[in-house]
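According to this note's numbering, the stretch in the sequence shown is residues 4 to 112, in order.
Written out below as structure tokens is the structure these notes cover.
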Amino acid sequence: MSNEPVPQKHASDDFDVDLEKANESPLRAAARWAAGLVEAFFGGDGSDVVGAAVVVHRLEDHSEVIRINTGSIEEAESLVSMVRSDLEELSAEEFLDRWSAAGDQENAS
């Protein structure tokens, strides 16, 4: 009998995360574009013009598992870092329990 511990399988063995363009209604996209123009007019970088989404895909078939639309590129990048950390630390079940609710809440709005 071997006393070696069985390596724990992590969510990163099953899933990956990417930044993608947000799926928004035309009205929401137009509002984001207008807000970005106003921000740029007042000296901002206008980076909020393009909506971003954090998307978790299944490695096996690249199917979308979770999509979270964000308010800005900076917010999306921060969220991707948190998701990547959880992918490395949590099991697939724990990861889905934690992040599915965030995707469901975003998709409901």
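Backbone N, C-alpha and C define an ideal beta-carbon position, used for all residues, glycine too.
- Excluding its 5 nearest sequence neighbours in each direction, V83 has C-beta neighbours in its own chain below 7 Å: V20, L22, V57, listed in chain order.
- Under the three-state reduction of DSSP, L99 is assigned to helix.
- Around the beta-carbon of F18, 16 or more other beta-carbon atoms lie within 10 Å, marking it buried.
- In terms of Cβ geometry, D89 and A14 form a close pair [threshold 8 Å].
- Distance from the CA atom of S75 to the CA atom of E7, rounded to whole angstroms, is 46 Å.
- For D16, no beta strand (DSSP E) encloses it, and the DSSP letter there is neither H nor E.
- In the DSSP assignment, E67 falls within the beta strand (DSSP E) that extends over 67 to 73.
- Per the C-alpha coordinates, the member of D64, E92, K24, I69 positioned closest to A105 is I69.
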